Each structure stands twice: as C-alpha cells, then as structure tokens.
Amino acid sequence: MARVVVDVMLKPEILDPQGQAVQRALPRLGFEGIADVRQGKRFELEVEGPVDDAALARIHEIAETFLANTVIEDFSVKVEVGEGADTTAVKAES
Amino acid sequence: MTARIGVITFPGTLDDRDTQRAVRTAGLEAVPLWHRDKDLKQVDAVILPGGFSYGDYLRAGAISRFSPVMESVIDQAKAGMPVLGICNGFQVLTETHLLPGAMLRNNHLHFICRDQKLRVENAETAWTRSYEQGQEINIPLKNIDGRYVADERVLDELEAEGRVVFRYEELNPNGSLRDIAGISNAAGNVVGLMPHPEHAVEPLIGTGRTDGLGFFTSILKRLVSA
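Protein sequences appear in the order of chains A and B.
With positions in the first sequence counted from 1, the corresponding number in this note's numbering is that position plus 62.
With positions in the second sequence counted from 1, the corresponding number in this note's numbering is that position plus 12.
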C-alpha cells in the first residue's frame, strides 16, 4: 500500500496562538534563536491500489473538502515513495 | 397550532435539552432531530445547539457538516427556512458555508465560561426580532474555539450589509475579528453566534436574567408573520 501525506497549515495571515505558545516556551527550555513557530496537521493516508492520477485527484478532493478548511488553511499533498525514502511533492495548494 | 422548532442532536452535542427547554419556554413545540435523519419532520425552523459534535476531532463542526441531517438543513436553509446555530452550531454553519468565515482556537488558548455582554447590531433577522437595534444583552459564553475570522473583504461585506448581528461589548473574550459574536446570511434567515441564549431563559439559572428568551420569541414572530 502506498502512503499519501496531506499537510495542513494555517494560512500565513491567520494568527496561530498555539504556535506562538510553543515559540515562547523555547527560550525557557534553553533553545534560543527560533524566531517563529507555526503548528499544523499532518494526515497519513494509506491508499489501496495504485496512486495514479485518479487516486491523487480523489485525495486532493478529500483534502480540499474535508481535511482542510480552505477559508483558514492551506494544504499540500505528497506521495511517499518506498520505506522511509524521501517524499515527492505532487501538488501544493495555496 | 404552534410552531415546530427542530433541535438537532449530533454525537457530542451537549445543549440540545436546554435548547428544547428554551423553545418550550417561549411557547413553541420542540422537535428532537437526530443527525442521521434526513427527514426534518416538517419543522418550521431548526436550531443547531452547542456542544462538541464528533468531539471536534478534525476541526470544530467539520465532521457534522457531512451528516445526513445537514444535507436537508442546507437545502431548506437555502430555501429560506430559519436556522440558528449556537456555539458548536455556529461552527457547523461556517463549515457548511451557510455562513462565511471560520472559527479558530481562542487567542489566549483557554476555555472560557463567563457571562458575556453583547450588543444586538441587527434586530431584523429571523432570530432577533424581539430585540431592539443596539440593545445590550447579557448571556453565557462557553467555548475554546470561539475566535471568528474571515478575510477583510468578507468582513467589509458583512458590515456593509448589516450581517454582523452581535458584537462583544466591554471585552472581546477570544480575539474574534472586529468583536464579532454572531453573523447572518444575506437573507437573514440563517444566524450563528458563539454565546448561549438557551442558558438565559429562566431567572433561576444562568445569568439570573432572561435575555436569551428573545431568540426563541423572535422566531415565533417571524413564523407568524411569514
């Protein structure tokens, strides 16, 4: 089975208080030099059958209608190639 | 014959019973609706009550949006049926795009529970006719995902068309843009707000005031005049 990863991030202009809370905690933990943190969501979809254009189109639709709220969030869809290998970005949405 | 107001229960809804009680307190008939029903049982209006439908697992209101009952609600709302979304119900209405914008985690990240002052900015929607323009009301607020956001163009449009129905007074409890506590669709039949009018309909509970009762008497006025 192939794995497709959907990353969902708040749009850059949307205030992310969770990310800010993490960023503010870093100096207290002794980690300096991190200017900003934004927090997002990662979905890993195990796909039955081949990840062809049709399958990717369907996943794109899932991401756009359900996994992300495009009023406030951007998403990207990536296919993971092989075990722990690097990923191939196939589509990035704004 | 009295008006029939449907109150939808999703898995995780908390305030359906309070909402049914508020409906009855206003002299209307409360009709319980289940999220898997497509049939709205010929109700005259629908309320989506507060709570945490589907645990708010993906985003607040995101999963409920795809329940069978919502298909019927969306169709009927577009045809003019009055729909009120309270708190989680408001979140569901933004996720369905019946109302514009989106709801996010409060800017301070805390769950809040307080009596909240609101200003009624539009007393002509289906759900606000019992109030006066500019009237100040005090009803409970309780949520963690209450920060209303929309882009500048949508916010300007809402303001220009009088669709900002409620604004927070004295204190903005969650960072909502332009102090927005509630909005309506263009036709004024669909209204959503974060605070909870159903918890302020009897003097013995909630704020000790009955400022929330107007929502439920408003809908009676609207249905009688329709």
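Here a beta-carbon is modelled for each residue, glycine too, at the ideal position from N, C-alpha and C.
Predicted model, so just to flag it, every value in this text is computed and none were measured.
Closest Cα partner of residue i within the set the options
i, options, result
"N100/B", "S76/B, I231/B and G146/B", "S76/B"
"G73/B", "H120/B, R190/B, N197/B and A114/B", "A114/B"
"S170/B", "I192/B, N155/B, Q54/B and H122/B", "It is worth fixing the name first, because residue 170/B is Leu in this sequence and not Ser. For L170/B, the nearest C-alpha among the options comes from I192/B."
"V109/A", "D69/A, L118/A and L77/A", "L118/A"
"V213/B", "L225/B, D163/B and G67/B", "L225/B"
"V161/B", "E142/A, E135/A, L107/A and K140/A", "E135/A"
"E83/B", "N119/B, W46/B and N150/B", "W46/B"
"D51/B", "T25/B, T31/B, S79/B and Y69/B", "S79/B"
"G81/A", "P152/B, I195/B, G146/B and R117/B", "R117/B"
"I124/B", "R165/B, A138/B, A91/B and P207/B", "P207/B"
Residue i (DSSP reduced to helix, strand or coil)
i, result
"N100/B", "helix"
"G102/A", "strand"
"S44/B", "The displayed chain sequence assigns Pro, not Ser, to residue 44/B. The answer is strand: DSSP assigns P44/B an E or B state."
"T140/B", "coil"
"G224/B", "coil"
"E135/A", "strand"
"V19/B", "strand"
"F178/B", "strand"
"T25/B", "strand"
"D115/A", "helix"
"G95/A", "coil"
"K140/A", "strand"
"I76/A", "coil"
"V66/A", "strand"
"A199/B", "coil"
"E164/B", "helix"
"V109/A", "strand"
is_contact[residue i, chain B] using C-beta, thresh 7 Å
i, result
"I134/A", "yes"
"P89/A", "no"
"P79/A", "yes"
"S156/A", "Its pLDDT being 43, under 50, S156/A is placed unreliably by the model, and nothing is read from it."
Neighbour flag for residue i against chain A, beta carbons, 7 Å
i, result
"R165/B", "no"
"N243/B", "The first residue shown for chain B is 13 and the last is 238, placing residue 243/B beyond what the model contains."
"R71/B", "yes"
"L121/B", "yes"
Residues from the segment 99 to 113 of chain B in contact with chain A, defined by Cβ distance under 9 Å: Taking 9 Å as the Cβ-Cβ cut-off against chain A, the residues of the segment 99 to 113 of chain B that qualify are T106, E107, H109, P112 and G113.
Runs of alpha helix (DSSP H) lying entirely within the segment 56 to 137 of chain B, each at least 4 residues, in chain order: 80 to 90 and 100 to 107
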